[in-house]
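Engineer: The structure's right below; bear with me while I get my questions together.
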Amino acid sequence: VQLQASGGGVVQSGGSLSLSCAASGRISSVFSMAWYRQSPGKQREFVAAVFRGGLRNYGDSVKGRCTIVKDDARNALYLQMNYLRPEDTAVYYCKIRSSTGDESWGQGTLVTVSS
Numbered sequence: 175v176q177l178q179a180s181g182g183g184v185v186q187s188g189g190s191l192s193l194s195c196a197a198s199g200r201i202s203s204v205f206s207m208a209w210y211r212q213s214p215g216k217q218r219e220f221v222a223a224v225f226r227g228g229l230r231n232y233g234d235s236v237k238g239r240c241t242i243v244k245d246d247a248r249n250a251l252y253l254q255m256n257y258l259r260p261e262d263t264a265v266y267y268c269k270i271r272s273s274t275g276d277e278s279w280g281q282g283t284l285v286t287v288s289s
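Its first residue numbered 175, the sequence shown is counted upward by one per residue in the numbering used here.
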């Protein structure tokens, strides 16, 4: 499975941004799709995930400001981010996990929030 993340860019504090992740290749049963992020000098951080069946989970740092959406028909994952803060600046990665536990990561897309 290949994942292509896009939609990153520069946005002012308080602004919004929408990220996309397109999945291609042999996609077996999907257990979950998720977004993570990594800022310079920090560990990769969980942002949001959507599970088979529709359950969604968000990291504490983005809860209430982000919405994750999975489009099964298009094999795509989206992350709508609102009220962005400078601390949201990071490279955002999408991840897919199959029912067998296999995981694939996208290459990341950079989000920069200016103050």
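Just so you know, even glycine gets a beta-carbon here, dropped at the ideal spot from N, CA and C.
Here the structure is a predicted model, which is why all the values come from computation and not from measurement.
According to DSSP, which residues form a beta bridge with residue 288?
Structural biologist: Per DSSP, 186.
Engineer: So, with DSSP's three-state summary, where would you put residue 262?
Structural biologist: It is helical.
Engineer: Count Cβ pairs between the region 227 to 234 and the region 249 to 261 that sit closer than 8 angstroms; are there 3 or more?
Structural biologist: These segments do not touch.
Engineer: What does the Cβ neighbour count give for residue 200, buried or exposed, with the cut at 16 atoms within 10 Å?
Structural biologist: The residue in question, residue 200, is exposed, as its Cβ has fewer than 16 Cβ neighbours within 10 Å.
Engineer: Check the DSSP bridge columns for residue 191 and list the partner residues they point to.
Structural biologist: Answer is 255, bridged to residue 191.
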